[in-house]
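Down below is the structure, laid out as structure tokens.
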Amino acid sequence: MPHQKSTLGEFIIKNQSSFTYSTGELSSLLNALRLAAKVVNHEVNKAGLVDLFGDSGDVNVQGEQQQKLDVFANKTFIQSLKNRNIVCGIVSEENDEFITIKGQDKESNGKYVVLMDPLDGSSNIDVNVSVGTIFSIFRRITPVGTPVEEKDFLQPGRAQVAAGYVFYGTSTMLVYTTGDGVNGFTLNPAIGTFYLSHPNIKIPKNGSIYSVNEGNYSHFPDSVKKYIKYCQEIEDDRPYSQRYIGSLVSDFHRNMLKGGIYLYPNSTVNADGKLRLLYECNPMAFLAEQAGGIATDGQVDILDVVPTNIHERAPFYCGSSSMVKKLLEFIHK
Ligand code: AHM
Ligand code: MG
């Protein structure tokens, strides 16, 4: 029999002992996410067959149309997390307010809070382009047994205990970190098991891809415009290739494996950019740093930003360390 790769379930258990004060609860939480990912994956893959494309008719807190699959993914992840008495609260892109979870004894006994974008890049669903789930996990700061409070969610990204994403693409992957490197697992759809396919991922120090919605160019800050022109110059290893899927998980994943920079700047139309700090930028920034890359809002590391609102946005520049440093030179000139 050929050598079998470790499964995600085995990997989670094996690494449990490396968490400080580990009691197995974080492992159980990760397993809840693993299960929900499989359910959502199944649904994403048959969306075209069962009338799951299109709008649900509802509008979320950002004023955007919610897609049917957004709603399904949101419900699935929330239910899976609720089933295990480990999480006391959830922030979701799809819910205006944070969700309080009470255990069977009606107390909020869970130790952790989860912040997530249950189906990111959802404008791509109807055209069969990859979408993803993004998650961020913190230990609560209020005492166990008391109701979860907003401040439990408003912690700087540096305090994350785990973060990751599920990538529903040509193959489905779950990529996550608990602060000890980044590991990627690919789903074998025939048997419904994630296998360790990308151990200890490192972002190449340099790359030749820049990813940005260049249609917004006229609205960008001058420094970012100049950096984009730099990427396009014929010099040394440039021009770089421009690759932009418009699905953060996919763009991030490609750049992490191949080397590159992702930019979603502030602009004259979006003063803080578009991406949400707590469930888009923070988890990606944790992964990027763990893989040897950099994530910044242009002034400070994303992980050091102190949030004041659960749905706040932040400019986001992330990827290969040399490329992000070069961009920062332009910003600070
Ligand atoms: P969403 O959460 O509404 O799906 O929006 C987030 C997405 C990211 O995945 C992607 O990187 C970005 O929005 C693309 O935005 P734009 O279409 O403005 O380039
Ligand atoms: Mg999103």
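If you're matching positions, the sequence shown starts at 325 in our numbering and goes up one per residue. Even glycine gets a Cβ: it sits at the ideal position worked out from N, Cα and C.
Check                                                                                                                                                    : Outcome
Exposed or buried, what is residue 325 when buried is set at 16 or more other beta-carbons lying within 10 Å of its beta-carbon?                         : Confidence at residue 325 is low in this model, with a pLDDT of 43, below 50, so the placement of that residue should be treated as unreliable; the coordinate-derived value is given next. Exposed: under 16 other Cβ atoms inside 10 Å.
So, do the segment 448–457 and the segment 423–433 have three or more beta carbon pairs nearer to each other than 8 Å?                                   : no
Would you check if the distance between the CB atom of residue 467 and the CB atom of residue 398 is smaller than 8 Å?                                   : no
Taking the DSSP output, what are the residues bridged to residue 354?                                                                                    : Answer is none; residue 354 lacks a bridge partner.
In this structure, how does DSSP classify residue 365 when only helix, strand and coil are distinguished?                                                : helix
Does the distance from the C-beta atom of residue 438 to that of residue 400 stay below 8 Å?                                                             : no
In whole angstroms, what separates the C-alpha of residue 568 from that of residue 473?                                                                  : 37 Å
Below 8 Å, can you find three or more Cβ-Cβ pairs linking the segment 513–530 to the segment 495–502?                                                    : yes
Measure the CB-CB distance between residue 603 and residue 417 and report whether it falls below 8 Å.                                                    : yes
Is the distance from the Cβ of residue 461 to the Cβ of residue 487 below 8 Å?                                                                           : yes
Relative to the ligand MG, is the shortest distance from any of its heavy atoms to the C-beta of residue 604 smaller than 7 Å?                           : yes
Please list, in chain order, all residues with a C-beta atom less than 5 Å from at least one heavy atom of the ligand AHM.                               : 444, 445, 446, 537, 570, 571, 572
Say the cut is 7 Å; is the CB of residue 420 nearer than that to a heavy atom of the ligand MG?                                                          : no
Between the alpha carbons of residue 615 and residue 555, how many angstroms are there, rounded?                                                         : 23 Å
Please name the residue, chosen from 656, 624, 600, that lies closest to residue 637 on a Cα-to-Cα basis.                                                : 600
Using alpha carbons as the reference points, say which of 412, 501, 490, 509 lies closest to residue 329.                                                : 509
Is the beta carbon of residue 476 within less than 7 Å of some heavy atom of the ligand MG?                                                              : no
Count the other CB atoms within 10 Å of the CB of residue 409; is the residue buried (16 or more) or exposed (fewer)?                                    : buried
For a test of the three-state rule: what should DSSP assign to residue 567, helix, strand or coil?                                                       : coil
Anyone know if the C-beta pair for residue 446 and residue 469 falls short of 8 Å?                                                                       : no
Which of helix, strand or coil does DSSP assign to residue 313?                                                                                          : There is no way to answer for residue 313, as the model of the chain reaches only from 325 to 657.
Check whether the Cβ atoms of residue 536 and residue 611 sit closer than 8 Å, and answer yes or no.                                                     : no
If you follow the beta strand (DSSP E) that residue 507 is part of, which residue opens it and which one closes it?                                      : 506–512
At a threshold of 7 Å, does residue 575 count as lining the ligand MG (C-beta to nearest heavy atom)?                                                    : no
To test your reading of the DSSP string, which unbroken beta strand (DSSP E) runs of 3 or more residues are found completely within the segment 454–499? : 455–463, 486–492
Pick out the complete beta strand (DSSP E) segments inside the segment 514–571, 3 residues or longer, and give them in chain order.                      : 517–522, 533–535
In angstroms with no decimal places, state the Cα-to-Cα distance between residue 423 and residue 440.                                                    : 12 Å
If you draw a straight line from the alpha carbon of residue 561 to that of residue 534, how long is it in whole angstroms?                              : 13 Å
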